[in-house]
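In our numbering, the protein residues as written are 15 to 140.
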């Protein structure tokens with residue numbers, strides 16, 4: 015009977031040992047797999063962070079470019095306004111000169127008519 019109990023006890027011990035050994039290895043395997051997955055996820059998170067940083071930098075650059083474009087457009091509009099003002103001033107100056115020239119031409123014509131009448135009067139008297 016002792017041998018029988020010893021045999022059963024040994025069998026139970028062997029059975030427990032066989033169950034605990036694979037679990038120990040499977041836990042180590044699980045830890046290694048989870049560590050590998052964790053490392054993989056860490057790499058993916060770092061890549062996502064780099065991509066987010068790149069996208070943020072690109073957004074900032076786009077905002078700066080938009081501000082520069084808006085500033086340049088405002089400067090161009092101001093320059094066109096100044097050119098239009100200058101053209102308008104030049105047109106007014108030319109119009110004034112044209113009026114002065116017309117006035118002078120009218121005065122010269124009146125003087126010429128006056129001289130012509132005087133000349134005709136002198137020729138009649140002589």
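Each residue gets a CB set at the ideal place from its N, CA and C atoms; glycine is no exception.
Measuring only the C-alpha atoms, how far is residue 49 from residue 81? 47 Å
Have a look at residue 119 and residue 86 and give me their C-alpha separation to the nearest angstrom. 48 Å
Between the C-alpha atoms of residue 113 and residue 92, what's the straight-line distance to the nearest angstrom? 31 Å
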